[in-house]
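A.B. asks:
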Amino acid sequence: MPRKFFEYISTVILAFSGFLGFISYANAGEVRDNIEDRGYLRCGVFQTAFLKKSPIKEMSEDLCRGLALALFPDPSAVKLVSLTEQEAGQALVDGRVDVIALANQKRLSHQANHANTGPLFVNNLDIAILFKGYKVRDLGGKKICSLDWVDKTALAIFGQKHQISFGVLSYRTEEELLNAVKSHGCRAVALPRVELAIFLKQVSGIFPAPLILSSSSFKNSLGMLVSSKDEEWKAIVGLYRRALLESERREVSSQNVDYVASSTINPEIQKLLGVKGSFGQDLGLDHNWFYRVLQNHGNYQEIYIRHFNNRKITLERGPNQLTAKGGALVVNDLR
Numbered sequence: 017m018p019r020k021f022f023e024y025i026s027t028v029i030l031a032f033s034g035f036l037g038f039i040s041y042a043n044a045g046e047v048r049d050n051i052e053d054r055g056y057l058r059c060g061v062f063q064t065a066f067l068k069k070s071p072i073k074e075m076s077e078d079l080c081r082g083l084a085l086a087l088f089p090d091p092s093a094v095k096l097v098s099l100t101e102q103e104a105g106q107a108l109v110d111g112r113v114d115v116i117a118l119a120n121q122k123r124l125s126h127q128a129n130h131a132n133t134g135p136l137f138v139n140n141l142d143i144a145i146l147f148k149g150y151k152v153r154d155l156g157g158k159k160i161c162s163l164d165w166v167d168k169t170a171l172a173i174f175g176q177k178h179q180i181s182f183g184v185l186s187y188r189t190e191e192e193l194l195n196a197v198k199s200h201g202c203r204a205v206a207l208p209r210v211e212l213a214i215f216l217k218q219v220s221g222i223f224p225a226p227l228i229l230s231s232s233s234f235k236n237s238l239g240m241l242v243s244s245k246d247e248e249w250k251a252i253v254g255l256y257r258r259a260l261l262e263s264e265r266r267e268v269s270s271q272n273v274d275y276v277a278s279s280t281i282n283p284e285i286q287k288l289l290g291v292k293g294s295f296g297q298d299l300g301l302d303h304n305w306f307y308r309v310l311q312n313h314g315n316y317q318e319i320y321i322r323h324f325n326n327r328k329i330t331l332e333r334g335p336n337q338l339t340a341k342g343g344a345l346v347v348n349d350l351r
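Residue numbers (our numbering): 17 to 351.
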């Protein structure tokens with residue numbers, strides 16, 4: 017369907033039924049038109065405060081490339097733009113980026129005009145009690161160490177929940193925190209679960225079996241952020257997210273997609289792979305856009321394993337499971 021189809025409906029509500037159910041588009045904006053005019057996607061990724069090669073940043077870049085492949089047959093049709101949280105919201109408003117991968121909308125709440133298309137990663141604050149045999153009650157009166165940039169709200173809730181009082185030492189750099197832990201100056205360390213897993217690997221020779229506690233009262237949910245003024249583009253990015261999770265739920269991966277496409281009689285999987293139906297075509301996507309993404313990038317599970325189960329880090333899915341398996345990633349039934 018030609019892109020110019022959308023130009024005359026900028027003030028009309030376009031309703032369609034399909035993979036996302038029934039959605040109304042009050043604003044069919046200009047983001048997709050701008051992307052096609054320039055010939056590539058501009059995708060924002062956050063600079064990391066912890067590591068130069070953060071697996072979250074690398075997963076963000078992977079998601080950016082997958083989204084670009086949904087829009088263009090050319091896998092190189094994407095420009096990655098490094099952002100800080102302070103400039104992220106304005107970058108969307110100014111059109112410097114079309115989307116931001118794996119951002120926390122609540123942390124950008126002071127910056128207007130952006131919307132989260134749904135959670136794709138949960139990075140809650142975890143607490144690691146370092147010394148063998150120590151329990152939660154043993155933290156009373158002791159020191160929990162962290163870093164300056166970490167939101168400490170969850171620690172206060174954690175203390176109230178367990179009715180204990182403890183001190184918090186906050187360090188400016190990872191090296192300072194590492195030195196404090198190595199000198200036995202901390203009974204526990206509090207960091208988001210990804211950063212904590214990487215940190216604990218560095219001190220595994222000193223503290224081989226820490227007790228990991230999740231502060232589940234604080235949800236650090238990351239998703240793909242877009243301009244809240246463009247409903248059509250929000251729907252496209254949301255559909256991309258939904259397809260990544262749905263393909264995992266349906267057990268369709270890069271390894272079996274060709275076979276499944278040629279053999280399945282399941283109408284929903286046929287729709288997902290573009291074999292039958294019009295999955296995404298109402299939004300101007302070609303019929304096999306997700307087939308292309310799946311072949312090259314895989315489903316959500318494959319992307320997760322690629323970045324969080326390797327030589328640098330081994331992190332269980334935990335809250336990043338689908339809700340059917342007890343996680344926080346919601347996939348609604350097809351309608």
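The beta-carbon is built from N, C-alpha and C at its ideal position, and this holds for glycine as well.
When you compare only the Cα positions, how much space is there between Asn-120 and Phe-88?
C.D. replies: Roughly 27 Å separates the two Cα atoms.
A.B. asks: Measuring CB to CB, does Gly-60 end up less than 8 Å from Val-138?
C.D. replies: It is not a contact, given that the beta carbons lie outside the stated cut-off.
A.B. asks: What are the start and end residues of the alpha helix (DSSP H) that includes Phe-306?
C.D. replies: Element bounds for Phe-306: 305-313.
A.B. asks: Could you work out which residue in Ile-228, His-323 and Lys-328 is closest to Ala-206 when comparing CA atoms only?
C.D. replies: Measuring from the Cα of Ala-206, the nearest candidate turns out to be Ile-228.
A.B. asks: Give the DSSP bridge partners of Ile-228, in chain order.
C.D. replies: Looking at the DSSP assignment, Ile-228 forms a beta bridge with Ala-144.
A.B. asks: Gln-95: which of Glu-101, Gly-105, Ser-231 and Glu-77 sits nearest, CA to CA?
C.D. replies: In the sequence as presented, Gln is not what sits at residue 95; that position holds Lys. Considering only alpha carbons, the answer is Glu-77.
A.B. asks: Taking just the CA atoms, how far does Leu-118 sit from Ser-40?
C.D. replies: Here Ser-40 scores only 37 on pLDDT, less than 50, and its place in the model should not be relied on; the value that follows carries that caveat. If I take the Cα positions, the gap works out to 25 Å.
A.B. asks: If you follow the beta strand (DSSP E) that Pro-71 is in, where does it begin and where does it stop?
C.D. replies: Segment 71-87 is the alpha helix (DSSP H) holding Pro-71; no beta strand (DSSP E) there.
A.B. asks: CB Val-109 to CB Asp-246, shorter than 8 Å?
C.D. replies: Not in contact: Val-109 and Asp-246 (Cβ atoms no closer than 8 Å).
A.B. asks: In angstroms, rounded to a whole number, what distance separates the CA positions of Gln-311 and Ser-269?
C.D. replies: Distance between the alpha carbons of Gln-311 and Ser-269: 8 Å.
A.B. asks: If I follow the unbroken alpha helix (DSSP H) through Arg-258, where does it start and stop?
C.D. replies: Counting along the chain, the alpha helix (DSSP H) containing Arg-258 begins and ends at 247-265.
A.B. asks: Jot down the residue ranges of each uninterrupted alpha helix (DSSP H) in the region 84-119, minimum 4 residues, whole runs only, in chain order.
C.D. replies: Listed in chain order, they are 101-110.
A.B. asks: Hey, would you say Leu-301 sits closer than 8 Å to Ala-86, going by beta carbons?
C.D. replies: Yes; because the gap between Cβ atoms is below 8 Å, this pair is in contact.
A.B. asks: Under 8 Å, do Ile-285 and Arg-266 count as touching if we go by C-beta distance?
C.D. replies: Yes.
A.B. asks: Please confirm if the region 250-258 is in contact with the region 140-149, defined as three or more CB-CB distances below 8 Å between the two stretches.
C.D. replies: These segments do not touch.
A.B. asks: Under a Cβ-count criterion, where at least 16 other Cβ atoms within 10 Å of its own Cβ denotes burial, should Pro-71 be classed as buried or exposed?
C.D. replies: Flag for Pro-71 reads buried.
A.B. asks: To the nearest angstrom, how far is it from the Cα of Leu-238 to the Cα of Arg-333?
C.D. replies: Whole-angstrom Cα-Cα distance: 15 Å.
A.B. asks: What number of angstroms, rounded off, separates the C-alpha of Leu-79 from the C-alpha of Leu-241?
C.D. replies: Their Cα atoms are separated by approximately 12 Å.
A.B. asks: To the nearest whole angstrom, what separates the beta carbons of Arg-203 and Lys-168, a pair I think is in contact under 8 Å?
C.D. replies: Not really, about 16 Å apart at Cβ, beyond 8 Å.
A.B. asks: Is the beta carbon of Leu-163 closer than 8 Å to that of Ser-199?
C.D. replies: No, the pair does not count as a contact, with Cβ atoms beyond the cut-off.
A.B. asks: What three-state label does DSSP hand Lys-217 in the structure shown?
C.D. replies: Looking at Lys-217 - three-state DSSP - the assignment turns out to be helix.
A.B. asks: State the Cα-Cα distance for the pair Lys-7 and Asp-90, rounded to the nearest angstrom.
C.D. replies: Not covered by the structure: residue 7. The range shown for the chain is 17 to 351.
A.B. asks: Going by Cα to Cα distance, which pick from Leu-146, Asn-129 and Gly-342 is closest to Ala-225?
C.D. replies: Comparing Cα positions, the closest option is Leu-146.
A.B. asks: Which residue spans inside the region 125-189 form an unbroken beta strand (DSSP E) run of at least 3?
C.D. replies: Listed in chain order, they are 130-138, 141-145, 159-163 and 183-187.
A.B. asks: When every heavy atom of the ligand FMN is checked, does at least one fall within less than 7 Å of the C-beta of His-178?
C.D. replies: As far as ligands go, the structure on display features none, and thus does not contain the ligand FMN.
A.B. asks: Reducing DSSP to helix, strand and coil, say where Phe-223 ends up.
C.D. replies: Coil, per DSSP.
A.B. asks: Buried or exposed for Lys-341, please, with buried defined as at least 16 other CB atoms from any protein chain shown within 10 angstroms of its CB.
C.D. replies: Label assigned to Lys-341: exposed.
A.B. asks: When we look at the beta-carbon of Asp-274 and count the other beta-carbons within 10 Å, is it buried (16 or more) or exposed?
C.D. replies: Flag for Asp-274 reads exposed.
A.B. asks: Assign Thr-330 to one of three DSSP states: helix, strand, or coil.
C.D. replies: Looking at Thr-330 - three-state DSSP - the assignment turns out to be strand.
A.B. asks: By the 10 Å Cβ neighbour count, where 16 or more other Cβ atoms means buried, how is Ala-251 classified, buried or exposed?
C.D. replies: Ala-251 should be labelled buried.
A.B. asks: Figure out for me which residue from Phe-182, Arg-112 and Asp-298 has the closest Cα to the Cα of Arg-54.
C.D. replies: Comparing Cα-Cα distances from Arg-54 to each of Phe-182, Arg-112 and Asp-298, the minimum goes to Arg-112.
A.B. asks: Excluding the 5 residues flanking Trp-133 on each side, which residues of the same chain have their C-beta closer than 7 Å to its C-beta?
C.D. replies: One detail in the question is off: residue 133 reads as Thr in this sequence, not Trp. Cβ neighbours of Thr-133 beyond the five flanking positions: Gly-239, Met-240, Val-242, Lys-250, Val-253, Gly-254 and Arg-257.
A.B. asks: Is Val-166 buried or exposed, if buried means 16 or more other CB atoms sit within 10 Å of its CB?
C.D. replies: By the 10 Å Cβ count, Val-166 comes out buried.
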